[in-house]
Amino acid sequence: MDERNFTYMFFGFAAAWLILALYVLSLVAREKRLRRELDSVRNMLEQRERT
Amino acid sequence: MRERILYALGAIAGLWLARNLYVILLGLPDEAAQGAIYRILFFHVPGWITCFTAFLLAGISSILYLIKSDPRYDTFAVATVEVGIAFTVIGLVTGSIWARIIWGIWWTWDPRLTWALITCIIYMGYLMLRRAIDEPTTRAKNAAVLCIFSFASVVITYKAIDWWRTQHPGAVLSFRTGGGSIDPLMESMLFQNAAALLLLAAVLVAVRMRQEEIGREVESLRRHAHAI
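And the structure:
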């Protein structure tokens, strides 16, 4: 029981940190995508204004 | 400058959580009845404190949006809801792992657990609603109304352990019981971890708000490009 108790405690902590880490990674990925989109729309707008 | 402050606060929150983890694992004794597994509650309860705070702030921000029509309130609401959902999932998963040892089951349809799941689903629905509406003002107004009504589910989840005494343990924190249900040292550590998680959540909300502002700028530039 004690060993199982300790193992599940580890699972609990690991799950909490993993969920946080996955959310932070998803934020990083979204930030990159949004900045790429912003650059591409700005470039498109500049080209349209020139023509 | 703003980014540096965010990184610094994020680093402080990370170090604070690491220090708390050290104290929780090595500084605190095992609980008499539950053994080592009770330590999960140092993430489970603060996770719920963080998500309830996030949903409360999202509700207030949604009311302010409907009154003032300032898009910054909408931005704040969506950021806090999204971060709140992450902490709701932490609460549900850690609770389930704790239950596997203490109750012998991963899940039961106890009122507290059921309402917690419903709350999570309702706020996920809020994010889905936002994706379904293209026009920014209509999206913000509809989302604000849903966000305000969704808070009722948070109140029911919070009060479920008082209204229906079933499987989930009753309140243990001093401000709800008047004291005597939890060791002061353990309660102090629980609040310290809640404070660290709230700081981390604040940083995540700020990052998410910045992304929402970039998204708004992309939308506005696209509309401008189509108009040319």
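Chains as they are written, first to last, in my numbering: chain A, 10 to 60; chain B, 14 to 241.
Idealized CB from N, CA, C, for every residue including glycine.
These numbers come from a predicted model, not from an experiment.
Opposing strand residues paired with residue i [DSSP bridges]
i: Glu-44(B); result: Gly-48(B)
Cβ pair residue i, residue j closer than 8 Å
i: Gly-104(B); j: Cys-64(B); result: yes
i: Gly-21(A); j: Trp-119(B); result: no
i: Ile-134(B); j: Ser-75(B); result: no
i: Ala-25(A); j: Thr-170(B); result: no
i: Tyr-32(A); j: Ile-50(B); result: no
i: Arg-113(B); j: His-181(B); result: no
i: Asn-206(B); j: Asn-33(B); result: yes
i: Met-202(B); j: Ile-37(B); result: yes
i: Phe-100(B); j: Phe-164(B); result: no
i: Ala-26(B); j: Leu-213(B); result: yes
i: Arg-221(B); j: Glu-95(B); result: yes
i: Val-231(B); j: Glu-46(A); result: yes
i: Ala-157(B); j: Leu-79(B); result: yes
i: Leu-28(B); j: Met-199(B); result: no
i: Leu-30(B); j: Val-216(B); result: no
i: Gln-224(B); j: Glu-40(A); result: yes
i: Pro-84(B); j: Ala-153(B); result: yes
i: Gly-48(B); j: Asp-11(A); result: yes
i: Gly-183(B); j: Ile-195(B); result: no
Beta-carbon separation (whole angstroms), residue i vs residue j, contact threshold 8 Å
i: Ser-166(B); j: Ile-131(B); result: 6 Å
i: Thr-93(B); j: Ala-71(B); result: 4 Å
i: Arg-57(A); j: Ile-241(B); result: 5 Å
i: Gly-228(B); j: Leu-43(A); result: 6 Å
i: Thr-66(B); j: Leu-211(B); result: 6 Å
i: Ile-28(A); j: Val-102(B); result: 6 Å
i: Tyr-4(B); j: Gly-193(B); result: No statement about residue 4(B) is possible, as the shown extent of chain B runs from 14 to 241 and does not include it.
i: Leu-159(B); j: Leu-142(B); result: 6 Å
i: Val-50(A); j: Ala-21(B); result: Their Cβ separation, rounded to whole angstroms, is 31 Å, which puts Val-50(A) and Ala-21(B) out of contact at 8 Å.
Enclosing alpha helix (DSSP H) for residue i [first to last residue]
i: Ala-145(B); result: 124-145
i: Leu-159(B); result: 149-176
i: Leu-182(B); result: According to the sequence displayed, residue 182(B) carries Pro and not Leu. Run containing Pro-182(B): none; DSSP gives neither H nor E here.
i: Gly-257(B); result: Coverage of chain B is limited to positions 14 through 241, which leaves residue 257(B) absent and any answer about it impossible.
i: Val-216(B); result: 197-240
i: Gly-27(B); result: 15-35
i: Leu-27(A); result: 11-59
i: Ile-53(B); result: No alpha helix (DSSP H) holds Ile-53(B); DSSP gives it neither H nor E.
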